[in-house]
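Written below as structure tokens is the structure these notes are about.
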Amino acid sequence: MSLLEKFAPLGKMRHELLEYGSLPFGVVTERVISPTVGIVHGRETILAGSNNYLGLTFEPSCIEAAKAALDAEGTGTTGSRMANGTYSTHHALEEELAEFFDRRHALVFTTGFLATMGMVSTLAGRDDVLLIDADSHASIYDGCRLSGAEIIRFRHNDPADLEKRLRRLGERSANTLVVAEGLYSMLGDQPPLEEIVDVKDRYGACLLLDEAHSMGVFGAHGRGLAEALDLEDRVEFVVGTFSKSLGSVGGFCVSSLPELDLIRMAARSYIFTASPAPSVVASTREALKLIATRPELRERLWRNANQLYGGLQESGFRVGPQPSPVVAVFVDQTELAIDWWHRLLDNGVYVNLVIPPATPSTSCLLRCSMSAAHTTEQVERIVSSFANLRSENRLAGSAG
Ligand code: PMP
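Take the sequence shown: its letter number 156 is residue 156 in our numbering, and every next letter is one higher.
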């Protein structure tokens, strides 16, 4: 096979997808109206797949802070954190993150992907073991590849399987980094964190918890699942992103272990990329304050999440295992999933279409994510648009 021939299957897949009309991936939002509404294909559309959990993307104080930073510090830093790209505001954000999470150290990265990938690949080296949940995000898998460590997967959300594998490692369990997520982004399921923490403590391993989807969503202060379950003191490293509840872009790691500060001089995804723009840092700092001080955002998010989960269940859809701001609808046939995705969009509802192997099972997913900014009426519209799919089923066959 020549260098470029391997892309032919992708070209074929794109061609087949185009037969349904427009491409379901990389949809263009022609105009953004609010955290929950945009113009897509010329039509006003409810955004029900944006991960904008707290709806902070249009928060006036965040926008003001970003504008002020643009005026004061310019459009970009034009350099990496290790060279000229560390401004006092990057340090301020790190201090505020450490304080927010009640940890001694915090590191800010340019994206969440770079934070997770960088931490995983730097914490574990050639003589170490990475023991990761099988349904881990791509950034965790890529970090594993770069680490040079031995990579072992444990069955998704299965502490007994984790224990079995740690036991087999013998003394090497002390050289092991266990990796899990606070909320799994495809099905919206939570890990049995207490059991996972018990097991890794018993075997002397360390835990890195990716709270990308759970920060702002769980916990009295919005610090994530570890806070909600009162386990923060037993989770060595927490990574996360600014691109979901915080409404901007960027990533971080927090820990009370002094080694985190040394990782500044070792993580390649921190050292060899430009630092976040000042406007991004400023809006993130403002959003971080709001996460802690406006618990009503979390309450509204959960009200919407429960309404959507219950509504879709009542309409007969097979949804993820527990109510969550991520609500996934299983559809067994790919053709039907694509058809339904288009029809939802024609009806003014955007959700994420996820096709295997990007899904954790062989089914396709119509993945919705809720926001505190959705109104009750918008959630009703999403549910009724799904219900209409069933009543006017154009393609034969059963839905999952
Ligand atoms: N970790 C997890 C679990 C994620 O789901 C994502 C993004 N969806 C990331 C990391 C990467 O975050 P970002 O998109 O902010 O780079």
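Note that CB positions come from ideal geometry on N, CA and C, so glycine has one too.
As the structure is a computational prediction, the values presented were derived from the model and not from experiment.
By Cβ distance below 7 Å, which residues in the same chain neighbour residue i in space, the five residues on each side in sequence not counted?
i, result
"Arg-300", "Ala-372"
"Leu-93", "Val-108, Val-281, Thr-284, Arg-285"
"Ser-385", "Leu-344, Asn-347, Val-349"
"Asn-175", "Asp-127, Asp-128, Val-129"
"Ser-269", "Phe-109, Leu-114, Met-117, Gly-118"
"Arg-155", "Ala-134, Asp-161"
Report the three-state DSSP secondary structure of residue i (helix, strand or coil).
i, result
"Phe-242", "coil"
"Leu-30", "Correcting the residue type first, residue 30 is Glu in the shown sequence and not Leu. Looking at Glu-30 - three-state DSSP - the assignment turns out to be strand."
"Phe-154", "strand"
"Asn-84", "coil"
"Thr-359", "coil"
"Asn-304", "helix"
"Arg-268", "helix"
"Leu-366", "strand"
"Val-327", "strand"
"Thr-111", "coil"
"Asp-135", "coil"
"Asn-352", "strand"
"Gly-38", "strand"
"Glu-59", "coil"
"Leu-47", "strand"
"Glu-181", "strand"
"Thr-273", "coil"
"Leu-290", "helix"
"Phe-218", "coil"
"Ser-398", "Here the model assigns Ser-398 a pLDDT of 42, short of 50, so the residue's position is not dependable, and the following value carries that caveat. Ser-398 falls in the coil class under three-state DSSP."
"His-213", "coil"
"Val-120", "helix"
"Val-281", "helix"
"Phe-237", "strand"
"Lys-12", "helix"
"Leu-229", "coil"
"Thr-89", "helix"
"Ala-106", "strand"
"Leu-130", "strand"
"Leu-18", "helix"
Over what stretch of residues does the alpha helix (DSSP H) that includes residue i continue unbroken?
i, result
"Val-197", "193 to 202"
"Arg-377", "What sits at residue 377 in the sequence shown is Glu, not Arg. Counting along the chain, the alpha helix (DSSP H) containing Glu-377 begins and ends at 376 to 391."
"Leu-344", "334 to 346"
"Leu-208", "First-last for Leu-208: 206 to 210, but that is the beta strand (DSSP E), not the alpha helix (DSSP H)."
"Ala-372", "Looking at the DSSP string, Ala-372 is not in any alpha helix (DSSP H), and its letter there is neither H nor E."
"Arg-165", "159 to 169"
"Glu-259", "259 to 263"
Go to residue i, then tell me how far its beta strand (DSSP E) extends in each direction, as first and last residue.
i, result
"Leu-3", "Element bounds for Leu-3: n/a, residue is neither H nor E."
"Ser-255", "251 to 255"
I'd like the list of long-range same chain contacts for residue i, defined as Cβ closer than 6 Å, with 5 residues on each side in sequence excluded.
i, result
"Leu-353", "Pro-24, Trp-341"
"Gly-55", "Pro-35, Ser-371, Ala-372, Ala-373"
"Gly-400", "Here Gly-400 scores only 44 on pLDDT, less than 50, and its place in the model should not be relied on; the value that follows carries that caveat. Excluding positions up to five away in sequence, the list reads Arg-318, Phe-330, Val-331, Asp-332, Ser-363."
"Tyr-203", "Leu-166, Ser-173"
"Gly-224", "Gly-182, Glu-211, Ser-214, Met-215, Phe-218"
"Val-239", "Ala-115, Thr-116, Met-119, Asp-210, Cys-253"
"Leu-187", "Gly-320, Ala-328"
"Asn-52", "Pro-35, Ser-371"
"Ala-287", "Leu-56, Cys-62, Leu-246, Gly-247"
Excluding the 5 residues flanking residue i on each side, which residues of the same chain have their C-beta closer than 8 Å to its C-beta?
i, result
"Ser-391", "none"
"Arg-31", "Gly-38, Ile-39"
"Gly-125", "Ser-147, Gly-148, Ala-149"
"Ile-291", "Leu-54, Phe-100, Met-215, Gly-216, His-221, Gly-222, Ser-245, Leu-246, Leu-297"
"Glu-236", "Cys-206, Leu-207, Leu-208, Ser-255, Leu-257"
Quick one: is residue i near chain B, going by C-beta distance under 9 Å?
i, result
"Ser-50", "The structure shown contains no chain B, having only a single protein chain."
Please output, in chain order, the residues near the ligand PMP using a CB cut-off of less than 6 Å to any non-hydrogen atom of the ligand. Matched residues: Thr-111, Gly-112, Phe-113, Thr-116, His-137, Ser-139, Glu-181, Ser-185, Asp-210, Ala-212, His-213, Thr-241, Ser-243, Gly-251.
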